[in-house]
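Q:
2 protein chains.
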Amino acid sequence: MYICRMENTDHLKEILESHKLRITACRKNVLQFFLNRKAALSQSDLENQFTQYDRVTLYRTLNSFLDSGIIHKIPNSQGAAAYGLCHETCSPDHHDHNHIHFKCNQCGQIQCLDDKLVPEVTMPKGYMIEAVNMIVDGVCAKCA
Amino acid sequence: MYICRMENTDHLKEILESHKLRITACRKNVLQFFLNRKAALSQSDLENQFTQYDRVTLYRTLNSFLDSGIIHKIPNSQGAAAYGLCHETCSPDHHDHNHIHFKCNQCGQIQCLDDKLVPEVTMPKGYMIEAVNMIVDGVCAKCA
DNA sequence: TTAAATATGCAATAAAGTTGCATTTATGTA
DNA sequence: TACATAAATGCAACTTTATTGCATATTTAA
Numbered sequence: 180m181y182i183c184r185m186e187n188t189d190h191l192k193e194i195l196e197s198h199k200l201r202i203t204a205c206r207k208n209v210l211q212f213f214l215n216r217k218a219a220l221s222q223s224d225l226e227n228q229f230t231q232y233d234r235v236t237l238y239r240t241l242n243s244f245l246d247s248g249i250i251h252k253i254p255n256s257q258g259a260a261a262y263g264l265c266h267e268t269c270s271p272d273h274h275d276h277n278h279i280h281f282k283c284n285q286c287g288q289i290q291c292l293d294d295k296l297v298p299e300v301t302m303p304k305g306y307m308i309e310a311v312n313m314i315v316d317g318v319c320a321k322c323a
Numbered sequence: 180m181y182i183c184r185m186e187n188t189d190h191l192k193e194i195l196e197s198h199k200l201r202i203t204a205c206r207k208n209v210l211q212f213f214l215n216r217k218a219a220l221s222q223s224d225l226e227n228q229f230t231q232y233d234r235v236t237l238y239r240t241l242n243s244f245l246d247s248g249i250i251h252k253i254p255n256s257q258g259a260a261a262y263g264l265c266h267e268t269c270s271p272d273h274h275d276h277n278h279i280h281f282k283c284n285q286c287g288q289i290q291c292l293d294d295k296l297v298p299e300v301t302m303p304k305g306y307m308i309e310a311v312n313m314i315v316d317g318v319c320a321k322c323a
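Going down the list, the protein sequences come from chains A and B.
If you count by the numbering used here, then the first sequence holds residues 180 to 323, one letter each, in order.
If you count by the numbering used here, then the second sequence holds residues 180 to 323, one letter each, in order.
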């Protein structure tokens with residue numbers, strides 16, 4: 180029989196504090212959900228998981244995580260916006276996601292391939308680069 | 180004084196025919212608009228330009244262009260979906276856009292950098308690649 | 001020229017994103 | 001610990017974008 184007990188949430192508190200965010204139940208739950216998941220999450224994923232919270236609250240939770248540099252938005256051409264956890268190297272001012280994102284056309288999941296770095300690119304004269312995103316579409320190892 | 184006259188629309192007709200689409204005024208107008216524009220277009224761009232057409236018609240026009248391989252959808256993390264013209268090498272079955280997309284954070288325009296090719300990437304074992312997209316965010320030459 | 005297939009306009013709805021405001025909760029300080 | 005202040009939450013409302021059904025109009029092939 181599975182005994183439900185209080186989990187230690189010190190690590191969640193630390194992450195939120197270090198990003199200058201207040202500690203709330205909603206934020207801790209959402210953050211834990213991100214940490215458990217390998218794949219990126221969308222607003223509707225959160226709504227399905229946390230029916231106890233209003234969708235506006237979840238929307239603003241995502242925004243506060245975005246602004247503080249806990250998560251990053253992943254560009255995609257279809258469906259709702261997806262969000263992935265940032266690395267320690269990210270700060271509110273300067274995001275640092277030079278990893279490739281992969282979207283599986285079978286299961287629909289979007290993954291951060293943290294150890295696959297985006298190759299260098301050069302732009303035509305006069306262009307200033309602020310961020311580079313690379314999204315690979317295909318079939319993931321699990322679905323293949 | 181500028182004299183308004185009928186333009187030759189044979190090239191539009193040819194493009195539509197070669198993609199197995201019926202020739203209609205709306206499709207010719209939208210296609211011409213794409214050909215004139217360097218930057219990618221969104222649904223709302225079309226709505227602003229072509230107030231004579233219902234937005235559902237424009238929506239379906241975009242879809243028919245997408246399905247037939249005249250345009251491609253450009254992934255982005257913010258704002259409405261953007262669409263860019265395909266090259267001759269694209270067919271309904273197999274799209275071939277290995278060029279980089281650039282989004283200017285100043286003017287908001289998204290451009291196809293047709294001669295900037297997306298670099299090769301390798302995936303972890305078991306992954307199958309179907310498409311690779313690269314989006315560079317920054318400031319374009321005009322806005323810099 | 002006409003029948004069949006397709007495109008369009010209108011109405012309606014779904015889904016996603018966003019804001020204002022009253023209430024509740026978290027946090028720093030006395 | 002209690003309190004004042006600042007921030008988070010829930011609710012309502014609204015905007016934008018995406019989507020479908022159906023009647024009518026247009027295109028195309030025979």
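We treat Cβ as the ideally placed atom computed from N, Cα and C, and that holds for glycine.
Measuring alpha carbon to alpha carbon, tell me which of 262/B, 237/B, 308/B, 281/B ends up nearest residue 318/B.
A: Answer by Cα proximity: 281/B.
Q: Please go through the same chain and pick out, in chain order, the residues whose beta-carbon is closer than 8 Å to the beta-carbon of residue 197/A, but skip the five residues on each side of it.
A: Excluding sequence neighbours, residue 197/A sits near nothing in its chain.
Q: Just the chain B side, please: which residues come within less than 8 Å of residue 281/A by C-beta, in chain order?
A: Within 8 Å Cβ-Cβ: 302, 306.
Q: With distances taken from CA atoms, which of 190/A, 304/A, 210/A, 279/A is nearest residue 250/A?
A: Closest option to residue 250/A, Cα to Cα, is 210/A.
Q: With a threshold of 8 Å between beta-carbons, can residue 199/A be considered close to chain B, or not?
A: By this cut-off, residue 199/A is not an interface position.
Q: Since I believe residue 204/B is in contact with residue 262/B (beta carbons under 8 Å), could you give me their beta-carbon distance rounded to a whole number of angstroms?
A: About 20 Å separates the two Cβ atoms, so there is no contact after all.
Q: Among 264/B, 295/B, 230/B, which one has its Cα closest to the Cα of residue 243/B?
A: Among 264/B, 295/B, 230/B, the Cα nearest to that of residue 243/B belongs to 264/B.
Q: Write down the C-beta distance between residue 279/A and residue 307/A rounded to the nearest angstrom, noting that I regard them as a contact closer than 8 Å.
A: Between residue 307/A and residue 279/A the Cβ distance is about 22 Å, and since that is not below 8 Å, they are no contact.
Q: Just list the beta strand (DSSP E) runs in the segment 222 to 285 of chain B, keeping only unbroken ones of 3 residues or longer that don't cross its boundaries, in chain order.
A: If we require 3 residues or more, the beta strand (DSSP E) runs fully inside the segment 222 to 285 of chain B come out as 250 to 253, 261 to 264, 278 to 283.
Q: Need the endpoints of the alpha helix (DSSP H) that residue 204/A sits in, please.
A: It spans 204 to 215 - the alpha helix (DSSP H) in which residue 204/A sits, taken as one unbroken run.
Q: Would you tell me roughly how many angstroms separate the C-alpha atoms of residue 298/B and residue 298/A, rounded to the nearest one?
A: The straight-line gap from Cα to Cα measures roughly 7 Å.
Q: At the 8 Å Cβ level, is residue 319/A part of the contact set with chain B, yes or no?
A: It does; some Cβ of chain B falls within 8 Å.
Q: Checking contacts by CB at 8 Å: is residue 324/A closer than that to chain B?
A: Residue 324/A falls outside the range modelled here, since chain A spans only 180 to 323, and no answer is possible.
Q: Distance, Cα to Cα, residue 287/A vs residue 233/A?
A: Distance between the alpha carbons of residue 287/A and residue 233/A is about 25 Å.
Q: Using 8 Å as the limit for Cβ to Cβ distance, is residue 256/A near chain B?
A: At least one chain B Cβ lies under 8 Å of residue 256/A.
Q: Got a sec, what are the start and stop residues for the alpha helix (DSSP H) residue 192/A sits in?
A: Here the alpha helix (DSSP H) through residue 192/A covers 189 to 197.
Q: In the DSSP assignment, what residue or residues form a beta bridge with residue 311/A?
A: Residue 311/A pairs with 315/B.
Q: Return yes when the Cβ of residue 256/B is within less than 8 Å of the Cβ of residue 260/A, no when it is not.
A: Yes, these two residues count as a Cβ contact at 8 Å.
Q: Compile a chain-ordered list of the residues in the segment 236 to 262 of chain B whose CB is closer than 8 Å to at least one CB of chain A.
A: Hits within the stretch, in order: 252, 253, 254, 255, 256, 257, 260.
Q: Grouping DSSP H, G and I as helix and E and B as strand, with all else coil, what is residue 218/A?
A: Residue state, collapsed to three classes: strand.
Q: If I measure Cβ to Cβ from residue 252/A and keep anything under 7 Å in the same chain, skipping five residues before and after, which residues do I get?
A: 245, 260, 262.
Q: For residue 321/A, which three-state DSSP category applies?
A: Coil at residue 321/A, not helix or strand.
Q: So what's residue 200/A in DSSP terms, helix, strand or just coil?
A: DSSP places residue 200/A in coil when its eight states are reduced to three.
Q: Check residue 288/A in the structure and name its three-state DSSP category.
A: Looking at residue 288/A - three-state DSSP - the assignment turns out to be coil, as it is neither helix nor strand.
Q: Determine which residues of the segment 217 to 235 of chain B have a Cβ less than 8 Å from any Cβ of chain A, and write them out in chain order.
A: The segment 217 to 235 of chain B vs chain A, Cβ under 8 Å: nothing.
Q: Using a C-beta cutoff of 8 Å, does residue 182/B count as contacting chain A?
A: Here the model assigns residue 182/B a pLDDT of 34, short of 50, so the residue's position is not dependable, and the following value carries that caveat. False, the Cβ-Cβ gap to chain A never drops below 8 Å.
Q: Whose CA, out of 295/A, 212/A, 192/A, 302/A, lies closest to the CA of residue 294/B?
A: The residue with the shortest Cα to Cα distance from residue 294/B is 302/A.
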